[in-house]
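Below is one structure; the comments refer to it alone.
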Amino acid sequence: MNIFTSALFTETNTFSAFPTTLQSFEELGIVRGPVADDALGSVGPVLQQWRRLANENGDTVHEGLYAIAQPAGIVEAEAYQKLRSDILAALELAMPVDMVLLLLHGAMVADGVDDCEGDLIAAVRARTGPDCIIGVKLDPHCHMTPAMTNEADIIILMREYPHTDYRERAVELFELCRAAATGATSPVMEVVDCAMVGFYPTTAQPMRSLVDALADAERQPGILSASYVHGFPWGDVPDAGTKVLVVADRDRIAAAYTAQELARALYQARHELLPHLESAAQVLDPSPAGPFPVILADAGDNPGGGAPCDHTGLLSELLLRPTLRCAFGMLWDPAAVDACHQAGVGAVIELAIGGKVSPASGTPLQLTLTVRGLSLQHSQQIGTLTDPLGRAAWVRCGAVDIVLISRRQQTLSPTAFTGLGVPLHEASVIAVKSSHHYYTEFSRLSTNCHVIETGAALSMDFAHLPYRRRGKTYFPALANPAPELT
Numbered sequence: 097m098n099i100f101t102s103a104l105f106t107e108t109n110t111f112s113a114f115p116t117t118l119q120s121f122e123e124l125g126i127v128r129g130p131v132a133d134d135a136l137g138s139v140g141p142v143l144q145q146w147r148r149l150a151n152e153n154g155d156t157v158h159e160g161l162y163a164i165a166q167p168a169g170i171v172e173a174e175a176y177q178k179l180r181s182d183i184l185a186a187l188e189l190a191m192p193v194d195m196v197l198l199l200l201h202g203a204m205v206a207d208g209v210d211d212c213e214g215d216l217i218a219a220v221r222a223r224t225g226p227d228c229i230i231g232v233k234l235d236p237h238c239h240m241t242p243a244m245t246n247e248a249d250i251i252i253l254m255r256e257y258p259h260t261d262y263r264e265r266a267v268e269l270f271e272l273c274r275a276a277a278t279g280a281t282s283p284v285m286e287v288v289d290c291a292m293v294g295f296y297p298t299t300a301q302p303m304r305s306l307v308d309a310l311a312d313a314e315r316q317p318g319i320l321s322a323s324y325v326h327g328f329p330w331g332d333v334p335d336a337g338t339k340v341l342v343v344a345d346r347d348r349i350a351a352a353y354t355a356q357e358l359a360r361a362l363y364q365a366r367h368e369l370l371p372h373l374e375s376a377a378q379v380l381d382p383s384p385a386g387p388f389p390v391i392l393a394d395a396g397d398n399p400g401g402g403a404p405c406d407h408t409g410l411l412s413e414l415l416l417r418p419t420l421r422c423a424f425g426m427l428w429d430p431a432a433v434d435a436c437h438q439a440g441v442g443a444v445i446e447l448a449i450g451g452k453v454s455p456a457s458g459t460p461l462q463l464t465l466t467v468r469g470l471s472l473q474h475s476q477q478i479g480t481l482t483d484p485l486g487r488a489a490w491v492r493c494g495a496v497d498i499v500l501i502s503r504r505q506q507t508l509s510p511t512a513f514t515g516l517g518v519p520l521h522e523a524s525v526i527a528v529k530s531s532h533h534y535y536t537e538f539s540r541l542s543t544n545c546h547v548i549e550t551g552a553a554l555s556m557d558f559a560h561l562p563y564r565r566r567g568k569t570y571f572p573a574l575a576n577p578a579p580e581l582t
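All residue numbers for the sequence shown refer to the working numbering, where the first residue is 97 and numbers rise by one.
What follows is the structure, given as structure tokens:
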């Protein structure tokens with residue numbers, strides 16, 4: 097069996113002021129197959145599983161183009177068309193193929209194309225014909241569109257947030273697609289819209305139990321796969337929002353019924369699922385309560401959702417408390433990193449940091465800083481994956497250790513601090529720029545975690561997001577927009 101694989105992965109914040117360019121993809125790497133095992137972060141483990149399973153089945157894998165970019169604003173039209181064309185050209189060289197496996201995000205928006213994934217899947221279908229099995233693996237923070245479900249045979253989503261199940265979902269997609277390609281199954285897909293917009297970490301209740309129920313649904317006769325579509329709230333496109341996707345073997349009625357029941361369970365928990373946001377003062381005053389360290393998540397300035405990563409609000413709050421030993425990171429400021437490298441370790445410098453990229457960045461902080469550590473090639477370690485961060489600096493201002501980086505990325509691991517020498521064990525408070533992906537690694541230090549409202553770019557006031565195209569018929573903008581699910 098001939099199998100073609102490819103990846104195009106970015107998440108578009110349509111409210112963001114700075115665009116995603118071809119250079120944005122080149123920064124993380126545009127790779128043409130075959131792909132090295134350690135390439136492109138989380139892409140590597142997915143491809144490893146697909147290769148392994150293909151080898152066990154005696155199949156041939158043709159690896160096309162693989163590109164990933166840090167989330168930002170709308171993708172420039174020329175960049176999308178170039179990457180799309182390169183994927184399709186690689187597919188043409190591999191033809192004829194029996195299966196196509198695509199690793200996509202699901203919330204990519206280009207200038208003139210609201211649904212890049214649906215557009216790409218349709219273009220692949222036009223070239224392979226109706227008999228080829230097309231399987232797609234998506235991030236749960238996607239926009240599930242009719243074009244995706246009409247043109248693909250099987251779509252599955254990562255189940256966990258943080259996304260710790262790349263490998264498991266890669267295996268699931270391969271096995272389901274191969275069964276379909278051999279004629280053992282005939283998959284059909286059904287989607288139910290939950291009329292919700294939200295943010296759903298799967299490490300806490302009630303989402304934990306809801307996700308666990310997906311496995312129960314898959315044990316029902318004929319149900320091949322079930323997924324919650326969390327949706328990406330900061331993408332203003334018509335299909336944005338929370339949904340349920342179910343894949344069944346031939347039985348569309350069973351797929352629709354199962355999706356409806358899963359959607360009903362999610363919808364009935366909608367009030368409990370609203371994010372619990374706190375101000376820095378609520379957590380830190382009169383003094384933070386243990387256990388320590390206390391972890392503060394600046395979700396509003398999470399670059400993993402397209403925010404600038406240089407908002408200064410939370411750092412300002414920490415500096416107002418001079419007796420509180422803190423670690424803060426990572427702040428994206430390449431110019432400040434350069435200044436620290438020029439000054440050298442041990443230097444005391446006056447420097448303006450942060451607040452430089454956009455109106456959503458807050459204001460720069462003019463500080464007296466001591467340069468404590470430098471790296472030309474800093475990185476953070478997430479499990480077995482190494483995430484490059486470029487040139488970086490550790491500076492200290494009063495009782496606060498600050499990590500400055502030159503490659504925009506959310507804080508995913510304590511090694512983002514300790515790799516520069518920051519004595520993280522001394523910190524009573526650790527503040528990170530992330531929404532929830534930090535939790536996998538940082539929860540080993542403490543589960544005393546708080547999401548802090550800073551007024552940065554990624555507002556979680558979902559009822560009042562400035563949608564123009566998505567419309568306002570959703571919870572929490574309306575109290576009960578889908579009474580049929582109650």
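The C-beta atom is built at its ideal place from N, Cα and C for all residues, glycine as well.
Note that the stretch 383 to 394 does not touch the stretch 459 to 470; fewer than 3 beta-carbon pairs, one per stretch, sit closer than 8 Å. Secondary structure at Val433: helix, using DSSP grouped into helix, strand and coil. Residue ranges of uninterrupted alpha helix (DSSP H) with 4 or more members, entirely inside the stretch 225 to 295 and ordered along the chain, are 242 to 247, 262 to 277. For Trp146, no beta strand (DSSP E) run applies; the uninterrupted alpha helix (DSSP H) run containing it begins and ends at 139 to 153, by DSSP. Residue burial annotation: Gly214 is buried, with at least 16 other C-beta atoms found within 10 angstroms of its C-beta.
Annotation: Val343 to Met285 spans about 4 Å, alpha carbon to alpha carbon.
For the set Thr156, Gln166, Met244, the Cα lying nearest the Cα of Trp428 is the one of Gln166. Contact between Thr116 and Thr106 holds: their C-beta atoms lie close to 6 Å from each other, under 8 Å.
By the Cβ-count criterion, Lys339 is buried, with 16 or more other Cβ atoms from all chains shown falling within 10 Å of its own Cβ.
By the Cβ neighbour-count rule, Glu159 is buried, with 16 or more other Cβ atoms within 10 Å of its own.
For Phe105, the enclosing beta strand (DSSP E) stretches over residues 98 to 105.
For the 8 Å CB-CB criterion, Phe270 and Leu198 do not form a contact. Judged by pairs of C-beta atoms under 8 Å, the stretch 418 to 427 touches the stretch 487 to 506, as three or more such pairs exist. When DSSP reads this structure, Met195 sits in a beta bridge with Ile99, Ile229.
At least 8 Å separates the beta-carbon of Pro258 from that of His326. Each residue's CA atom was taken as its position, placing Ala527 and Ala365 some 29 Å apart. Excluding its 5 nearest sequence neighbours in each direction, Gly469 has C-beta neighbours in its own chain below 8 Å: Val441, Ala489, Trp490, Leu516, Gly517, Val518, listed in chain order. Beta-bridge annotation (DSSP): Phe424 is paired with Ile498, Ala527. In terms of Cβ geometry, Phe328 and Cys238 form a close pair [threshold 8 Å].
Judged by beta-carbon spacing, Gly231 lies within the 8 Å limit of Met195, meaning their Cβ atoms are closer than that value. For Glu314, the enclosing alpha helix (DSSP H) covers residues 303 to 314. Per the C-alpha coordinates, the member of Glu549, Leu414, Thr550, Leu574 positioned closest to His560 is Leu574. Distances from the alpha-carbon of Asp210 to those of Gly409, Leu500, Ala190, Ala173 put Ala173 closest. Annotated three-state conformation of Arg128 is strand, per DSSP. Taking the C-beta atoms as reference points, Ala222 is found no nearer than 8 Å to Ser454. By the Cβ rule, the stretch 537 to 555 counts as touching the stretch 367 to 381, because three or more pairs are nearer than 8 Å. Assignment of Tyr570 by DSSP, reduced to helix, strand and coil, places it in the coil class. Between Ser524 and Phe388, the C-beta gap is smaller than 8 Å, which places the two residues in contact. Nearest neighbour of Ile164 by Cα position, chosen from Thr108, Gln145, His532, Met191, turns out to be Thr108.
Assignment of Gly451 by DSSP, reduced to helix, strand and coil, places it in the coil class. In this structure, Leu253 lies near Leu234, with their beta-carbon atoms less than 8 Å apart. Straight through space, the alpha carbons of Asn398 and Asp332 are spaced by roughly 18 Å. Bridge pairing for Glu446: Thr464 [DSSP]. Only exposed fits Ser305, as fewer than 16 other CB atoms lie within 10 angstroms of its CB. By the neighbour-count definition (other C-beta atoms within 10 Å, threshold 16), Lys529 is a buried residue. The beta carbon of Leu184 sits closer than 8 Å to the beta carbons of Ala219, Val220, Arg223 from its chain, once the five residues preceding and following it are set aside; these are given in chain order.
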